[in-house]
Amino acid sequence: MRLIRLLLLSLWMCSCAVRTEMPDHRIFPAEGATLLLWVASERGLAEPEVHAAQQLAAQGMETWSLDLVGAYFLPQLASSMDAVPQQDVARLLRAAQASGKRVVVYAVARAAVPVLRAAAALDPAGRQGLCVMLMYPNLYTVAEPLTEPDFLLVGDLAGLRVHVLQPRRSAATPWLPGLLDHLAKQGATTSHVILENLREGWWARETPTEFELAESRRMDVMLRRELDNWGCK
Amino acid sequence: MQIIKRWLGASLLGLLLAGSVQAAGFETRAATSAPELTARDLQGAPRSLADYRGKVVMLNFWASWCPPCLREMPSMERLRLKMAGRPLAIVALDSAETADEVNGFLSRMKLGFPILLDPDGSNTKRWKVFALPTTFMLDADGRVRYVLTGPTEWDEGEALVLIESLLDESPKRGEPGT
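Order-wise, the sequence lines are chains A and B. Residue numbers for the first sequence, in the working numbering: 1 to 233. Residue numbers for the second sequence, in the working numbering: 1 to 178.
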């Protein structure tokens, strides 16, 4: 009996330890005033993304690179992102903000879900200090042919500024206005840009076009440009 | 004989729906009425579902940038040739691209079935298409009977059995196939 109690206590202590952790991430340090938290899609981090993170750091933008499915040993599925503990991601956001730098979160595809949930878990001041860029965010709960789409409720986004980057060549492009409305209804201030001649995940395509290949090599330039054009301070 | 043939066809379809058709991803719909289709063909002529009334319609949403869409196109062309003279209309509706983009693709792949344009994505939204390709199989009364999200080989296997079953339901009502 004592042995079972000891075992249960050990398990509880382990779970506490897990609960207080931040997801593993890679830091590319830099001296500049902006910190970019790069959250990869459910497909994990591709080499061009790591290269872009290094380039951004070399240009003075500190970049924290995060692969959530890898960090939590989850399968590379969109639904895996829904299982990521929001408190862990919120803890990472607070740690980034504690650096004193302007924090920009860049999340790809379904990674929008844990990022937005974590942002909703911040206090209002923390949320207002955050700039969130979402690359073709997937917030669907229902996306069935002939059925109205339904999007996830992620929590209170009041004060959060969200900029959506949407590749033109995507089945989600016609649905972008509905997604922006949904985010606005949860309190976010939204804006968007359409990325011409690009497909979702162009940096990791099996058969990329010449243009996509070139754009994969200059993702750092694209992100800086979008951040400057957006002007989130 | 015709009744036996239809019964066998229906039985085979039932078996397939319980097994491999299900695995291919065909969803059965309870004969729901089809949304409106308002599009133009590459010559600029207006097209709607009424143009195909009395035929089984295979309405395929695609885009020239979508590799799975392009992979299934040859099988759609083979299906068109196989079904010549039968009341089947194969209609490919390009989602949210310009005529130039579509023509660029068609210069590389010759297709005999009609291509319609949906440059503003309004049909894509009306039919609630969230992934490409998505294909709707309509019976000769214009009702949606099956939906497939993703590609398949249309001139063989389960897809062909399903198309034959819809054709068997509506004998001799339509004009010869497109």
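The beta-carbon is built from N, C-alpha and C at its ideal position, and this holds for glycine as well. Remember, it's a predicted structure, so these values are computed and weren't measured experimentally.
In the DSSP assignment, Phe-28 of chain A is bridged to A:Thr-63. Interface criterion not met: the Cβ of Glu-72 of chain B is under 9 angstroms from no Cβ in chain A.
Following the DSSP letters along the chain, one finds Met-137 of chain B inside the beta strand (DSSP E) bounded by residues 134 to 138. According to the DSSP assignment, Gln-55 of chain A belongs to the alpha helix (DSSP H) that extends over 47 to 58.
Trp-62 of chain B: member of the beta strand (DSSP E) spanning 56 to 62, first to last residue. The straight-line gap separating the alpha-carbon atoms of Asp-181 of chain A and His-192 of chain A is approximately 12 angstroms.
In the three-state DSSP reduction, Asp-155 of chain B falls in the coil class, being neither helix nor strand. Among the residues facing chain B, Arg-110 of chain A is not included, as its CB has no counterpart in that chain under 9 angstroms away. The contact set of Thr-28 of chain B on chain A, defined by CB atoms closer than 9 angstroms, is empty, because the minimum CB distance reaches about 12 angstroms. Under the 10 Å beta carbon count, Ser-48 of chain B is surrounded by fewer than 16 other beta carbons and is classified as exposed. Here Asn-138 of chain A carries a coil assignment [DSSP, helix/strand/coil].
Taking a Cβ-Cβ threshold of 9 angstroms, the residues of chain A close to Lys-128 of chain B are Ala-143, Glu-144, Pro-145, Leu-146, Thr-147, Glu-148 and Pro-149, in chain order. The beta-carbon of Phe-113 of chain B is placed no less than 9 angstroms from the nearest beta-carbon of chain A. Under the Cβ criterion of 9 angstroms, Val-91 of chain B is not counted among the residues facing chain A.
Using a CB distance cut-off of 9 angstroms, Pro-67 of chain B counts as an interface residue toward chain A.
Only buried fits Thr-63 of chain A, as 16 or more other CB atoms lie within 10 angstroms of its CB. Within the same chain, Cβ atoms closer than 7 angstroms to the Cβ of Ala-99 of chain B are found at Leu-42 and Leu-117, the five residues on either side in sequence being excluded.
By the rule that beta-carbons nearer than 9 angstroms mark a contact, Gly-25 of chain B does not touch chain A. Assigned with DSSP and collapsed to three states, Gln-186 of chain A falls in coil, not helix or strand. A check of alpha carbon separations from Leu-223 of chain A across A:Ala-184, A:Val-84 and A:His-163 identifies A:His-163 as the nearest. Scanning B:Cys-69, B:Leu-81 and B:Asp-139 for the CA closest to the CA of Leu-93 of chain B turns up B:Cys-69.
Within chain A, not a single residue places a beta-carbon under 8 angstroms from that of Val-102 of chain B; the smallest gap is close to 13 angstroms.
When rounded, the separation of the alpha-carbon atoms in Gly-60 of chain A and Glu-42 of chain A is 27 angstroms. In the structure shown, the three-state DSSP call for Gln-166 of chain A is strand. CA-CA distance, Val-221 of chain A to Arg-161 of chain A, rounds to 21 angstroms. Taking a cut-off of 8 angstroms on C-beta distances, the region 121 to 128 of chain A does not touch the region 141 to 148 of chain A, as fewer than three cross pairs fall below it.
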